[in-house]
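Peer 1:
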Amino acid sequence: MNLEVVNAVGSGDLGIEIDLNRLATDVKEVEFDPDKYPGAYVRLEGVEPLITVYRTGKYIITGSKSDEEAYSCRKQFLKLLTDEGVLGEPEDEWFSMQNYVCTGELDQVQNLNALAIGLGLEYTEYEPEQFPGLVFRPDDTPVVILIFSSGKVVVTGAKDIDMAEEAFQSLKEDLDALV
DNA sequence: GGGAGAAAAACCTTGCCCGTATTCTTAG
DNA sequence: CTAAGAATACGGGCAAGGTTTTTCTCCC
């Protein structure tokens, strides 16, 4: 309910080892600096999400606004590898979404100090000196919700959108019960 | 002083955690 | 930058545990 996905992360496996140095020299869309990070970055033309590939063949796609966008990006990535002769049969590898980051808004402005107590100090972290948002970790879900005094919220850690929606809905019910 | 055994110290391997990098939003 | 999440991997550092080596005690 009224949550907007702002970032989706997915991961997959090509099933074969990749020579990142060769890939970086052969393909202009690939950036690789092993001294800074072991993964190689692939920025496809006209594609928003970023693909990070590793020597092992595992890869992650970050920055998608939806799972459709992530899957589309993956498709183009596989095509690129196939065209480059790196991949033979791209059918047998998997890909799945790992995390959704969403933004939402609560009806009224929040008093975070009171909210921390209301939601339970054992489930919340609020240190305005360090970070302006209240971190809420419900015990019945792996989802984490950041609540700001403006009423804006960030829901993260969900494996799927329903999980995020449920956690947000649950938070709203908790808030109604507190009034 | 030398041999046996135990205790201590030195050494080395393993494992785990952290930082490194990426995305994206929120807001002091 | 601070904080959160998730996947991914690699080097470094520290701790712990295990093994080897050195030292020391006891007694003949």
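So the first sequence is numbered by our numbering: it starts at 145 and just counts up by one.
Cβ coordinates follow ideal geometry from the N, Cα and C atoms, glycine included.
#1: Since V197 contacts I162 with CB under 8 Å, what's their CB separation in whole angstroms?
#2: Leaving aside the five residues before and after E237 along the sequence, list all residues of the same chain whose C-beta is less than 7 Å from its C-beta, in chain order.
#3: Please list, in chain order, all residues of the same chain as F221 whose beta carbon is under 6 Å from its beta carbon, the five residues on each side excluded.
#4: Determine contact between the region 296-308 and the region 247-257, defined as no fewer than three beta-carbon pairs at a distance below 8 Å.
#5: Please work out which residues of its chain come closer than 8 Å, Cβ to Cβ, to S210, disregarding the five sequence neighbours upstream and downstream, and give them in chain order.
#6: Quick one: any contact between the region 304-313 and the region 264-273, if contact means 3 or more CB pairs under 8 Å?
#7: Could you pull out every residue in the same chain whose Cβ sits closer than 6 Å to the Cβ of K202, ignoring the five residues on either side in sequence?
#8: Can you tell me whether DSSP reads L265 as helix, strand or coil?
#9: Which term fits A321, buried or exposed, when burial requires 16 or more other beta carbons within 10 angstroms of its beta carbon?
#10: Thinking C-beta only, is S240 closer than 8 Å to L183?
#11: Is it buried or exposed, F280, if we count other Cβ atoms within 10 angstroms and call 16 or more buried?
#12: Sort out for me which residues DSSP pairs S240 with in a bridge.
#13: Below 8 Å between beta carbons: does that hold for I204 and R218?
#14: Looking at the secondary structure, which residues open and close the alpha helix (DSSP H) in which L290 lies?
#15: Would you call the CB atoms of L164 and V230 closer than 8 Å?
#16: Taking Cβ to Cβ, would you say A171 is nearer than 8 Å to E212?
#17: Between V186 and L278, what straight-line distance do the alpha-carbon atoms span, to the nearest angstrom?
Peer 2: Working from what's here:
#1: Translated into the one-based positions of the first sequence, residue 197 becomes position 53. Translated into the one-based positions of the first sequence, residue 162 becomes position 18. Yes, V197 and I162 are in contact; Cβ-Cβ is about 6 Å, under 8 Å.
#2: Taking the first sequence and counting its residues from 1, one reaches residue 237 at position 93. G156, D157, L158, G159, listed in sequence order.
#3: Walking along the first sequence from the start, residue 221 turns up at place 77. These residues qualify, in order along the chain: I195.
#4: yes
#5: Counted from its first residue, the first sequence places residue 210 at position 66. Only V149, A152 meet the Cβ criterion.
#6: no
#7: For the purposes of this step, residue 202 is taken as the residue at position 58 of the first sequence. Cβ neighbours of K202 beyond the five flanking positions: D157.
#8: By one-based count along the first sequence, residue 265 stands at place 121. Three-state DSSP puts L265 in coil, outside helix and strand.
#9: Taking the first sequence and counting its residues from 1, the one referred to as residue 321 is at position 177. Exposed, because fewer than 16 other Cβ atoms sit within 10 Å of the Cβ of A321.
#10: By one-based count along the first sequence, residue 183 stands at place 39. By one-based count along the first sequence, residue 240 stands at place 96. First, the amino acid is wrong: residue 183 is Gly here, not Leu. No. Outside cutoff.
#11: On the first sequence, position 136 is the one that residue 280 refers to. Per the 10 Å Cβ criterion, buried.
#12: In the first sequence, the residue the question calls residue 240 occupies position 96. Bridge partners of S240: S155.
#13: One-based indexing of the first sequence puts residue 204 at position 60. One-based indexing of the first sequence puts residue 218 at position 74. No, the Cβ-Cβ distance between I204 and R218 is not below 8 Å.
#14: Start at 1 with the first residue of the first sequence, and residue 290 comes out as number 146. Unbroken run through L290 is the beta strand (DSSP E), 288-291; no alpha helix (DSSP H).
#15: Taking the first sequence and counting its residues from 1, one reaches residue 164 at position 20. Taking the first sequence and counting its residues from 1, one reaches residue 230 at position 86. No, Cβ-Cβ distance for L164 and V230 is not below 8 Å.
#16: For this step, residue 171 is matched to residue 27 along the first sequence. For this step, residue 212 is matched to residue 68 along the first sequence. With the sequence shown as reference, residue 171 is identified as Val, and Ala is not the correct amino acid for it. Going by C-beta atoms, V171 is not nearer than 8 Å to E212.
#17: If you number the first sequence from 1, residue 186 lands on position 42. If you number the first sequence from 1, residue 278 lands on position 134. Distance between the alpha carbons of V186 and L278 is about 35 Å.
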